[in-house]
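Just so you know, UniProt numbering puts 155 at position 155 of the sequence shown, and the rest follows in order with no gaps.
Here a beta-carbon is modelled for each residue, glycine too, at the ideal position from N, C-alpha and C.
Because the structure is a prediction, the values reported are computed rather than measured.
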Amino acid sequence: MIDRALPPSCDPTPAQRLKHLQRANELAIRARDFGHHPFGALLVAPDRETVLLEQGNVDTVNHAEAVLIRTAWLNFSADYLWGCTLYTTAEPCAMCAGTQYWANIGRLVYGIAETRLLELTGNHEQNPTLNLPCREVFDRGQKAIQVWGPIPEVEEAIASVHRDFWDHH
């Protein structure tokens, strides 16, 4: 394991986690309103407040997190990204967790677990969830990525954006 841990003072506070997840959910609502899958993600700078990038879901292959991370990789150094935090409404799938790992983003905060997402979507052809927790993906690597989630205080708000969506798509 590569030990590049930042001091706990760099970790987002509970209030910051809630604020940024609420914004991510607003991005998910916007994505849904434009006919995309209802997921949202944002990247926050090491200062824990400055939002660097925001992204709603694009399609089944271009998830909000992966698109955002690829943009971040093009615009920021790996060392800088290590101090950043990715916020996302739902636990990243294996593709998005792997993208985060390779892009060197050192922190993750997600609202609802992949298992909760499966409850909301069912076995949906446009969103066939993988039962592979992001922590397991990260644990197989060599970087100590810090993870917070699921966050119970935002679960209902995030789940409400998904209700009824998957029945009509």
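Beta bridge counterpart(s) of residue i as assigned by DSSP
i      : result
Thr88  : Ala41, Tyr110
Leu53  : Leu43
Lys19  : Answer is none; Lys19 lacks a bridge partner.
Trp148 : Val109
Buried/exposed call for residue i, threshold 16 Cβ in 10 Å
i           : result
Ala78       : exposed
Gln100      : buried
Gly35       : exposed
residue 171 : Since the first residue of the chain shown is 1 and the last is 169, residue 171 is not available in this structure.
Asn75       : exposed
Arg163      : exposed
Gln55       : buried
Asp168      : According to the sequence as given, residue 168 is His; it is not Asp. So His168 ends up on the exposed side.
Arg140      : exposed
Pro152      : exposed
Thr129      : buried
Thr13       : exposed
Proximity winner among the options, relative to residue i (alpha-carbon distances)
i      : options                        : result
Ala41  : Phe34, Pro12, Pro92, Gly83     : Pro92
Ala72  : Glu155, Leu86, Glu26           : Leu86
Ala159 : Trp148, His168, Glu114, Leu130 : Glu114
Arg17  : Cys84, Trp166, Gln142          : Cys84
Asn131 : Glu54, Gln22, His162, Ala97    : Ala97
Val109 : Ala103, Leu120, Arg48          : Arg48
Phe165 : Glu119, Val154, His20, Val147  : Glu119
Leu117 : Ala45, Leu53, His37, Ala31     : His37
Val154 : Leu81, Ala31, Asn25            : Asn25
Thr121 : Cys10, Lys19, Tyr80, Val161    : Val161
Tyr80  : Ala45, Glu156, Asp33           : Ala45
Asp11  : Trp82, Pro150, Ala157          : Trp82
Ala31  : Leu21, His20, Gln142, Val58    : Val58
Any chain B beta carbon closer than 9 Å to residue i
i     : result
Leu43 : Among the chains of the structure shown, chain B does not appear; only one protein chain is present.
Beta carbon of residue i nearer than 9 Å to that of residue j
i     : j      : result
Arg23 : Val61  : no
Ala90 : Gly106 : no
Ala64 : Thr88  : yes
Leu53 : Leu43  : yes
**Asked** Are the segment 133 to 145 and the segment 64 to 72 in contact at 8 Å, needing three or more beta carbon pairs?
**Response** no
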